[in-house]
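In the UniProt record's numbering, the protein residues as written are 1 to 400.
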DNA sequence: AATACGGGGTA
DNA sequence: TACCCAGTATT
């Protein structure tokens, strides 16, 4: 088929399909650029169904650029709690403050200006410009790369930045005049609901008859994408430090460093354990004969780390004393849990602990390091926690 | 070009 | 279990 006709057909049919099939999503009910912006940041690497409740709460709490600009960062992180990729929240607020101060609260409609804002990359810039301002800019995300790879039977590796650039150029050329916002959303909507990563529903696809990938029988093999490295395993001993006396009903928590993983979030004190003795090394078997990592993980989850609990508890006590000057007395194993980041896998062994006598003394009530606090477990709203620690704390609360 | 950066849905 | 999600920043 003539290439130009294939493109024209695609844009026309996709737009018609979208107008009759689009989902009623909260951020589609207005063109408020601030709402669009917030939704697009939340939607980065995150599913629509996950975002919806966060979006409602966030807009209710921070209804305008001015409101978000004026909020304490901890409140913003708390509103983002559980959503992940917390630099999105910190960058969003930083950028909103920039818009508040430099642009009089008006989200820029200029591509260069909006692209300079923190957290606004090529996808988000194109999404805001097209959806809020109807500018003919492409918005190429994972959905769009998949849909176009299949429709045009492109076999370039979508993990490569150069491929994204090429698809952006292709997508820009597909935008119907005056329909940038609807068209970009239609492309993503098709990828999310019909042209899915696995088992695409080609029979219900509005552009199936000219889809080169389907016609070649390779739709399910596309897009080509090099697979990510598996996360590296880490073992961590976690201290669930239960207060007594003046700190009865409280847990000892600490704030993470300013930068890096889970920056500025709060957590239970913990320490990394030495790497587990790998089964293959220990038994001298080849890696191919070694048990799958999942089997090793299940072994860890079963109740004990390789070391005895006594050894791990001693390690935890010594580490917190040396690193943070915290005196604790580990009492007993509490639970194990596992947490998977995209690049790290935490095997966590949680121990119920008490504060050492010195930390309870009324003579030294302020001896905690500045990033430590006693937390009332029923008043957690000021402290944003990553989900992994929320799970542990909620398990503890459920047993009270 | 490769890596850091969360958490969860789904087949 | 493997894949991937309305990606961006940093190195």
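From the three backbone atoms N, C-alpha and C, an ideal C-beta is built for every residue, glycine too.
The alpha helix (DSSP H) enclosing residue 404, as first and last residue numbers: Summary: the structure shown does not reach residue 404, with the chain confined to residues 1 through 400, and so no result is reported for it.
Length of the line joining the Cα atoms of residue 95 and residue 256: 23 Å
Have a look at the DSSP bridge pairing and note the partners of residue 146. Note: residue 146 sits in no beta bridge, so no partner.
So the candidates are 140, 152, 109; which of them puts its Cα closest to the Cα of residue 133? 109
What residues are listed by DSSP as bridge partners for residue 329? 354
Once DSSP output is grouped into helix, strand and coil, what is the label at residue 361? Below a pLDDT of 50, predicted positions are generally treated as unreliable, and residue 361, at 48, falls in that range; no measurement from the model is reported.
Let me make sure I understand the geometry here. Which of 231, 265, 217 has the alpha-carbon closest to that of residue 83? 265
To the nearest angstrom, how far is the alpha carbon of residue 127 from that of residue 242? 47 Å
Quick one, are the C-beta atoms of residue 351 and residue 319 less than 9 Å apart? no
Bridge partners for residue 374 per DSSP, in chain order? 252
Comparing alpha-carbon positions, which option in 10, 34, 53, 11 lies nearest residue 25? 53
Smallest Cα separation from residue 111: which of 275, 385, 138? 138
For a minimum of 4 consecutive residues, which ranges assigned as the alpha helix (DSSP H) are wholly contained in the region 127-203? 142-151, 161-174, 180-193
From residue 270 to residue 237, what distance separates their C-alpha atoms? 5 Å
Can you tell which of 203, 249, 325 has its C-alpha closest to the C-alpha of residue 379? 249
Is the beta carbon of residue 141 sitting closer than 9 Å to the one on residue 188? yes
Does DSSP put residue 19 in a helix, a strand or coil? helix
Close beta carbons around residue 93, own chain, < 8 Å, minus the five adjacent residues each side: 68, 69, 71, 73, 76
For the beta strand (DSSP E) holding residue 271, just list the boundary residues, first then last. 270-273
Please work out which residues of its chain come closer than 6 Å, Cβ to Cβ, to residue 399, disregarding the five sequence neighbours upstream and downstream, and give them in chain order. none
Under DSSP, the alpha helix (DSSP H) around residue 226 begins and ends at which residues? No alpha helix (DSSP H) holds residue 226; DSSP gives it neither H nor E.
Could you compute how far the alpha carbon of residue 182 sits from the alpha carbon of residue 12? 11 Å
With DSSP collapsed to three states, give me the class of residue 64. coil
Just checking my contact of residue 442 with residue 136 at CB under 8 Å: how many whole Å lie between their CB atoms? Residue 442 lies beyond the range of the chain shown here (1 to 400); nothing can be said about it.
On the CB-based measure, 16 or more other CB atoms within 10 Å of its CB, does residue 178 come out buried or exposed? exposed
On the DSSP bridge list, what partners appear for residue 338? 347
Residue 59 burial status per 10 Å Cβ neighbour count (16 or more: buried): buried
Suppose contacts are defined by Cβ-Cβ distances below 9 Å. Is residue 384 in contact with residue 80 by that definition? yes
Work out the CA separation of residue 200 and residue 291 for me, nearest whole Å. The predicted position of residue 291 is uncertain, since its pLDDT is 38 and thus under 50; a value taken from the coordinates is nonetheless stated next. Their backbone Cα atoms lie some 33 Å apart in a straight line.
Kindly identify the DSSP beta-bridge partner or partners of residue 117. The partner list for residue 117 (beta bridge, DSSP) is empty, contrary to what the question assumes.
Short of 7 Å in beta carbon distance, which residues of its chain neighbour residue 35, apart from the five on each side in sequence? Order them along the chain. 27, 59
Member of 21, 218, 173 whose CA lies at the smallest distance from the CA of residue 8: 173
Could you give the DSSP three-state label for residue 398: helix, strand or coil? helix
Please classify residue 259 as buried or exposed, where buried requires at least 16 other C-beta atoms within 10 Å of its C-beta. exposed
By how many angstroms is the C-alpha of residue 86 removed from the C-alpha of residue 323? 26 Å
Would you call residue 329 buried or exposed, if buried means 16 or more other Cβ atoms sit within 10 Å of its Cβ? exposed
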